[in-house]
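Going down the list, the sequences are from chains S and A.
Quick note: the first sequence, position 555, residue 726 per the numbering used here, numbers continuous.
Quick note: the second sequence, position 137, residue 308 per the numbering used here, numbers continuous.
There are 2 protein chains.
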Amino acid sequence: MPVYHAPLKEMQFVLHQTLNIGQHYAELGYQDATPDLVDAVLEEAGKFTESVIAPLNRVGDEQGCRFDNGEVTTPEGFKAAYQQYIDAGWPTLAQPTQFGGQGLPYSLNLVCAEMQSAANHAFAMYPGLSHGAQATLMAHGDEALQARFMPKLVSGEWTGTMCLTEAHCGSDLGLLRTKATPQEDGSYRLDGSKIFISSGDHDLAENIVHIVIARIEGAPAGTKGISLFLVPKMAVADDGSITGRNGVSCGSIEHKMGIHGNATCVINFDGATGYLLGEPNRGLNAMFTFMNAARVGVAAEGVAAAEASFQGALAYARERLQMRSLSGIKAPDKPADPIIVHPDVRRMLLTQKAIAEGGRALVYEMASWVDISKSSTVSSEARQRAEARLSLLTPIAKAFLTEMGFEATSLGVQVLGGHGYVAEWGMEQLMRDTKISCLYEGTTGIQALDLLARKVLGSRGALLEGYCTELAQWWQAQTLPESLQPLRQQLLAHLQQWGELTQGIAVRAQQNPDEIGAASVDYLMFAGYVVLAHQWLKMAMAADALKERDPDLCQAKQETAYFVFARLLPKAASHAVLAAQSSDSLMRLPESAFGR
Amino acid sequence: MPVYHAPLKEMQFVLHQTLNIGQHYAELGYQDATPDLVDAVLEEAGKFTESVIAPLNRVGDEQGCRFDNGEVTTPEGFKAAYQQYIDAGWPTLAQPTQFGGQGLPYSLNLVCAEMQSAANHAFAMYPGLSHGAQATLMAHGDEALQARFMPKLVSGEWTGTMCLTEAHCGSDLGLLRTKATPQEDGSYRLDGSKIFISSGDHDLAENIVHIVIARIEGAPAGTKGISLFLVPKMAVADDGSITGRNGVSCGSIEHKMGIHGNATCVINFDGATGYLLGEPNRGLNAMFTFMNAARVGVAAEGVAAAEASFQGALAYARERLQMRSLSGIKAPDKPADPIIVHPDVRRMLLTQKAIAEGGRALVYEMASWVDISKSSTVSSEARQRAEARLSLLTPIAKAFLTEMGFEATSLGVQVLGGHGYVAEWGMEQLMRDTKISCLYEGTTGIQALDLLARKVLGSRGALLEGYCTELAQWWQAQTLPESLQPLRQQLLAHLQQWGELTQGIAVRAQQNPDEIGAASVDYLMFAGYVVLAHQWLKMAMAADALKERDPDLCQAKQETAYFVFARLLPKAASHAVLAAQSSDSLMRLPESAFGR
């Protein structure tokens, strides 16, 4: 199976060369987060991930979680590894100092999360969801609740979940039925059943803190009657000590395609005591705060899967000997050439590399905007600008990078041929594990609607225009080596096309709102390719500065950028054609005539 | 999980309306294969598949095959179902009458095989590979060998396999090491080890007949020294009775992504007695005869997977209530609209429908050419024409339809959202099972090289030009309803573009043979979309004749054809752009600079 190596050099290239992360952190007042510290954290995180988390990936898949007598047991080794993870302080890295966190930037933790996800997607979900729950508690909980729950969440002794989905409502949360009844002491009694709760139950921590959406008795129907609650698995006294069971239980776990090491639970609330977060009936808004950051994290999972699969495929392609190169023997001392000499194998490897590295650059930049959005030292203008960009790019990154991450893992299987299909090589597990990222936290279809309907058309084009104009101006102001200038022209043309495409849909949508849904996924994929190309051109430009110091890296970045503009960006054109089609071709067939 | 219903009406539409199969069979001298008999066979096959084979799909996946003490045990119920399959005479349908077969056409059996594969991919592989082994024995074995082995293979009491791959050689069979030593009695002694042998060992049949490629002692190196052998698991006397074990054993079975109900075996030959098929050192040519038919069968697996996934997704989309249609409430009596009202859900369903039905039309037409190629009653000119078309279209159908079949199953998962990821719903199993079809019998990359290098450029364009010219002339001669005429124009333009694209690659390849490998997969995908569109236009035209008799079916075919031309065929354009790129963007990066 592929041995994961944290690609530190690649990560450092993005952080230091393209994002100038040291200056970024200094501007936000993170005094400790010097470039040296960043490198030290990455190195330690890499070691820990490679030696503790990665070795459990296969066993996690094979054994999966067990559900006996209402309790979930994680695969062999997970509990011990998680304890090491706590002992080493990793859960605390970017958490608030007042509750025992190290207070380092969100973006630095994201780099570590990418490593963990690449090494072991199922394992990485435990801290991932816990951080989401903590962010929600920090944003919407009162001080007493924070003081009661945060310290052990920060340390990792407790973990958290997000409980949204019910059997009859996934994308459409307005249909939810879980009921919250106010109690005399100010708490609520929660009754209902949630499904698909990742990390919902397990044996890694002594308590699990569920963030739950529910409807307070008498609340309005639909999404305007949704409130947010904190509901711990074990009841907790004011001083933070556990006093016994709360009315929360795991009803069953799902058998599923992948991420076997993370239990996907039915969680039942039977008269469970919960605590309101934020205002009544404003729960969905509160959820969205959380979901934006969570979706950047899921986008990083796509990057992680592409990276892991690329590493496995590349190692295989260098070793495996099959057939001679069409352009002449390349390894005369061997019975056949290594398959990396074959152009189509290179097409697959370069696609993986382009997704992993370009996706990484995008996700890290977005994480740097999250840093800004959380900062109290920057101007409100800078914060708004970062939030606007995040708002626009989050659905693109989430959907595009998870779809491309999945494609990358599928290509990884193809590089290995039949061996890719065999569990032993680990390539097929990557495919199965990463498919979930195209589904949870909003499917690709939901992201596309969020992008086109809410973000782009919902702002009457202002969000998009702001972004594209700023990007175009910035690119025009850059001094580029001659070889990269045609790429800039190509990118600028695509930015213009993006605007025109949007304009066309907006006009059609005024006549018929179904035009939005009909165009949405192709629109998002178009945007994804453009944004990916933008990141690659940025990297190629940054790499130019390394021409003397690291000519290999410079060459790798620039040649891969050419590949992206020659062989990936052209796919944007067909998505543009499809997004420009009328919805008629989708809507005209009556439901009854679909057949079967 | 999805309940498979054999789509008889769809199958009959292709057979009767677009292929006029009754006349086709009559011309080939299949007196018994009247339209009524065809319908009767389909109906019975449908019943058998739905009631006996489909119910074992899930248990086959869950239990998988077991390997204990050198023996493979198939999942619960497989053995009993296979016995019913034999008792009902299904293995004999299209097999030679002189050995107990029913002598019906190959194409009729393929329709049944599609059903079986859709219902249970792993199960369908047992008879599928057995038919391949029989075809090889009939084509290359002498009469005595046929008399000894065919009767029980035909009846299904014995099954067959194809043993090609070794640990160090998959695509590159010239590297094989399995050794054949001539014995005094004219037989050979086989020594070596094969891997990835599907249906390689099991408990369904009392004997397994392996078709094995090996190198006779002293044979030339490479592909010119490969010979073909028949090597039974159990030794068989001249009268066909089993006399004891032969030196053939199963060394282990693979744990793999899918098709768990079919053991993928390491098969060891230790002094096993084998019999030469055909001439010494001509084994690879003999294999290719077999492989063409096998690849049509694998293409049908892509169709089958798309069909099964479409059925599951469609049923879900009609029932599942989430959100309101953007263009106004469609189900006011319900808490939300069924998701089939949403344009993007329709995009996914129509894509699945287009692949399943268009792919079916392609595969059935190709099967009708196989009928012709096997017929002794047609002119040699007609036979050569059928073989030429098969030769060109086989790699296209195999690679394109398995890639699209996989895409269809992935869309099927997306339609169900998180439920698609859960095993219970059966949608993710379809994805895992069908991924193998993109790999075995030659990966997509190998098919693409076969198409572009061997078939198209290898015939100096003659094969392709013949096909495109014929198609263009045929379409120009058709009388089409006005609404379909723009589609014809679009198709003709693509046929012309296909020629130009080929011309461009041919010119570049003269300078640099790597241009072939660099263009190959995109070239194949371009061809696949064009061929698919051709089939849809044929169906839309044939459906026009049903306007009065079956207006719903007519509408379904024509609207789906518009969808294909509006939303699938445009993807050909981006593949054309990519296939026209220079290989530089793939070849310039030195292997060492790929990183990691």
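Don't be surprised by glycine CBs; every beta carbon is placed ideally from N, CA and C.
The structure displayed is predicted, hence computed values, not measured ones.
Quiz item: Can you list, in chain order, the stretches of the alpha helix (DSSP H) that have 4 or more residues and sit fully within the stretch 277-342 of chain A?
Solution: 277-290, 292-311 and 314-326
Quiz item: Under the rule that 16 or more other beta-carbon atoms within 10 Å means buried, what is Thr640 of chain A, buried or exposed?
Solution: exposed
Quiz item: Is any beta-carbon of chain A found at less than 9 Å from that of Val584 of chain S?
Solution: yes
Quiz item: Should Phe571 of chain A go down as buried or exposed, given a rule of 16 or more other Cβ atoms within 10 Å for buried?
Solution: buried
Quiz item: Terminal residues of the continuous alpha helix (DSSP H) containing Ile676 of chain A?
Solution: Gln656 to Gln682
Exercise. Identify, in the order they occur along the chain, each residue of the same chain with its Cβ nearer than 6 Å to the Cβ of Gly529 of chain S, setting aside the five sequence neighbours on each side.
Key: Leu703, Gln706 and Trp707
Self-check item: chain A within 9 Å of Asn433 of chain S, Cβ atoms only
Solution: no
Exercise. Inspect the CB distances between the stretch 667-685 of chain A and the stretch 623-633 of chain A and report whether three or more fall short of 8 Å.
Key: yes
Quiz item: Which whole-angstrom value describes the C-beta separation of Gly473 of chain S and Met575 of chain S, a residue pair presumed to lie in contact below a C-beta threshold of 8 Å?
Solution: 6 Å
Quiz item: How about Gln188 of chain S and Val209 of chain S: do their beta carbons lie closer than 9 Å?
Solution: no
Exercise. Name the one or two DSSP bridge partners that Pro403 of chain A has.
Key: A:Val380
Practice problem: Pull up the CB-CB distance for Ala443 of chain A and Leu361 of chain A, whole angstroms please, since I reckon it's below 8 Å. | Solution: 4 Å
Practice problem: Could you tell me the distance, in whole angstroms, from the CA atom of Ala711 of chain S to the CA atom of Tyr196 of chain S? | Solution: 23 Å
Exercise. Anything in the stretch 675-699 of chain A with a Cβ closer than 7 Å to a Cβ of chain S? List those residues in chain order, please.
Key: Asn683, Pro684, Asp685, Ile687, Gly688, Ala689, Ser691 and Val692
Quiz item: Do we get a CB-CB distance below 9 Å when we pair Ala760 of chain A with the residues of chain S?
Solution: Per the sequence shown, residue 760 of chain A should be read as Leu rather than Ala. With 9 Å as the cut-off, Leu760 of chain A counts as an interface residue toward chain S.
Quiz prompt | CA-to-CA distance, Tyr277 of chain S to Gly468 of chain S, given in whole angstroms | solution = 11 Å
Exercise. Kindly give me the distance between the Cβ atoms of Leu275 of chain S and Ser546 of chain S, rounded to whole angstroms, as I take these residues to be in contact under 8 Å.
Key: Not really, about 13 Å apart at Cβ, beyond 8 Å.
Self-check item: Interfacial residues, the stretch 274-288 of chain S to chain A, with Cβ spacing under 7 Å
Solution: none
Exercise. Within its chain, find whatever has a CB closer than 7 Å to the CB of Lys350 of chain S; leave out the 5 residues flanking it on each side and keep chain order.
Key: Asp362, Gly363, Ala385, Arg386 and Glu388
Practice problem: List the DSSP bridge partners of Pro509 of chain S. | Solution: S:Leu492
Exercise. Enumerate in chain order the residues of its own chain whose CB-to-CB distance from Glu536 of chain A is below 7 Å, with the five nearest sequence positions on each side excluded.
Key: Leu190
Self-check item: For Gly389 of chain A, the three-state DSSP class (helix, strand or coil)
Solution: coil
Quiz prompt | Bounding residues of the alpha helix (DSSP H) (the contiguous stretch that carries Ile687 of chain A) | solution = Asp685 to Asp715
Practice problem: Under the assumption that Val212 of chain A contacts Ala525 of chain A (Cβ atoms under 8 Å), give the Cβ distance between them as a whole number of angstroms. | Solution: Not confirmed; about 27 Å, so no contact.
Quiz item: Would DSSP call Ser544 of chain A helix, strand or coil?
Solution: helix
Quiz prompt | Per DSSP, the bridge partner or partners of Gly415 of chain A | solution = A:Ala406
Quiz item: chain A beta carbons: is any one of them nearer than 9 Å to that of Lys626 of chain S?
Solution: no
Practice problem: Can you have a look at Ser691 of chain S and say buried or exposed, based on whether 16 or more other CB atoms are within 10 angstroms of its CB? | Solution: buried
Exercise. Taking Phe367 of chain A as the reference, give the member of A:Pro652, A:His381, A:Leu485 and A:Arg517 with the closest Cα.
Key: A:His381
Quiz prompt | Of the listed residues S:Asp374, S:Ala484, S:Ala557 and S:Gly499, nearest to Thr522 of chain S (C-alpha basis) | solution = S:Ala484
Exercise. Look up Cys725 of chain S in the DSSP assignment and say whether it is helix, strand or coil.
Key: helix
Exercise. State the CB to CB distance for the pair Thr332 of chain S and Ser370 of chain S, rounded to an integer number of angstroms; the pair is presumed to be in contact (CB under 8 Å).
Key: 5 Å
Quiz item: Going by C-alpha distance, which of A:His426, A:Gln752 and A:Trp540 is nearest Leu279 of chain A?
Solution: A:Trp540
Quiz item: In chain S, what lies closer than 9 Å to Lys350 of chain A by C-beta?
Solution: By Cβ distance, chain S contributes nothing, its closest Cβ being about 16 Å from Lys350 of chain A, past 9 Å.
Exercise. Could you run through the stretch 411-443 of chain S and flag, in chain order, every residue whose CB is less than 7 Å away from some CB of chain A?
Key: Glu425, His426, Lys427 and Met428
Quiz item: Does the Cβ-Cβ distance between Tyr694 of chain S and Leu740 of chain S come in under 9 Å?
Solution: no
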